[in-house]
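Numbering (our numbering), first residue to last: 311 to 476.
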Amino acid sequence: MASFACGDEEEVVLEPTAVEVVEEVAAEEPAQTVVDIAVADGRFTTLVTALGAADLVGVLSGEGPFTVFAPTDDAFNNLPEGTLDSLLADIPALTDVLLYHVVSGKVMAADVVGLDSAETVQGSSVGISVMGESVMVDDANVIITDIEGSNGVIHVIDAVIIPAAE
Numbered sequence: 311m312a313s314f315a316c317g318d319e320e321e322v323v324l325e326p327t328a329v330e331v332v333e334e335v336a337a338e339e340p341a342q343t344v345v346d347i348a349v350a351d352g353r354f355t356t357l358v359t360a361l362g363a364a365d366l367v368g369v370l371s372g373e374g375p376f377t378v379f380a381p382t383d384d385a386f387n388n389l390p391e392g393t394l395d396s397l398l399a400d401i402p403a404l405t406d407v408l409l410y411h412v413v414s415g416k417v418m419a420a421d422v423v424g425l426d427s428a429e430t431v432q433g434s435s436v437g438i439s440v441m442g443e444s445v446m447v448d449d450a451n452v453i454i455t456d457i458e459g460s461n462g463v464i465h466v467i468d469a470v471i472i473p474a475a476e
């Protein structure tokens with residue numbers, strides 16, 4: 311507290327003032343959906359093309375949350391010759407394969423390692439195995455984990471996983 315007096319004049323007392331502190335939200339939600347991230351990344355052009363062909367972009371841009379095991383372009387290139395073209399020509403089969411890469415809910419890497427399987431949006435379960443530091447989803451290695459979006463999370467895989475024939 312400070313006080314001032316000037317000759318005969320009344321003493322003026324200055325009270326300390328409270329400074330309002332506005333805190334920023336520490337962890338804001340990421341603005342990009344899992345589809346936005348896949349489009350912007352550059353390693354998933356084939357996946358994004360396939361999602362468009364199967365009319366799933368809108369679904370995976372929705373509220374979610376979704377966990378996407380996203381195969382890279384290299385993963386699609388490693389499919390047997392003609393497989394991708396066949397899938398793109400057979401939209402129901404393509405949709406089955408793509409939805410086999412999606413699990414409802416946001417499953418982070420720390421959660422994945424505690425699972426031995428997960429039910430996909432397609433309806434079948436993917437097998438999950440952990441060996442040391444390596445995590446596999448069916449026959450695909452998880453190579454990058456926990457890419458978070460506003461409506462879910464992406465785990466990058468090195469192979470396209472195909473549901474078992476019914």
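C-beta: ideal position from N, C-alpha, C; glycine also.
Verify whether the separation of the beta carbon atoms of residue i and residue j is less than 8 angstroms.
i	j	result
proline 381	valine 470	yes
valine 344	valine 367	no
isoleucine 457	isoleucine 467	no
leucine 404	alanine 450	no
threonine 430	tyrosine 410	yes
valine 423	valine 445	yes
isoleucine 347	glycine 442	no
threonine 356	aspartate 383	yes
alanine 428	valine 412	no
Can you look up residue i in the DSSP assignment and give me helix, strand or coil?
i	result
proline 381	strand
aspartate 365	coil
phenylalanine 376	strand
alanine 469	coil
valine 423	coil
valine 358	helix
valine 463	strand
glutamate 458	strand
alanine 399	helix
Use the C-beta contact count for residue i: other C-beta atoms within 10 angstroms, 16 or more gives buried, fewer gives exposed.
i	result
aspartate 406	buried
alanine 385	buried
isoleucine 401	exposed
glycine 462	buried
alanine 360	buried
glycine 362	exposed
glycine 372	exposed
Kindly identify the DSSP beta-bridge partner or partners of residue i.
i	result
asparagine 451	Met446
valine 440	Val445
serine 414	Phe376
isoleucine 347	Note: isoleucine 347 sits in no beta bridge, so no partner.
Any 3 or more C-beta pairs closer than 8 angstroms across the stretch 433-443 and the stretch 343-351 | With contact defined as three or more Cβ pairs closer than 8 angstroms, the stretch 433-443 and the stretch 343-351 are not in contact.
Stretch-stretch touch, CB-based, cutoff 8 angstroms, three pairs: the stretch 408-418 with the stretch 367-383 | As far as the Cβ criterion goes, the stretch 408-418 touches the stretch 367-383, which means the pair count is three or higher.
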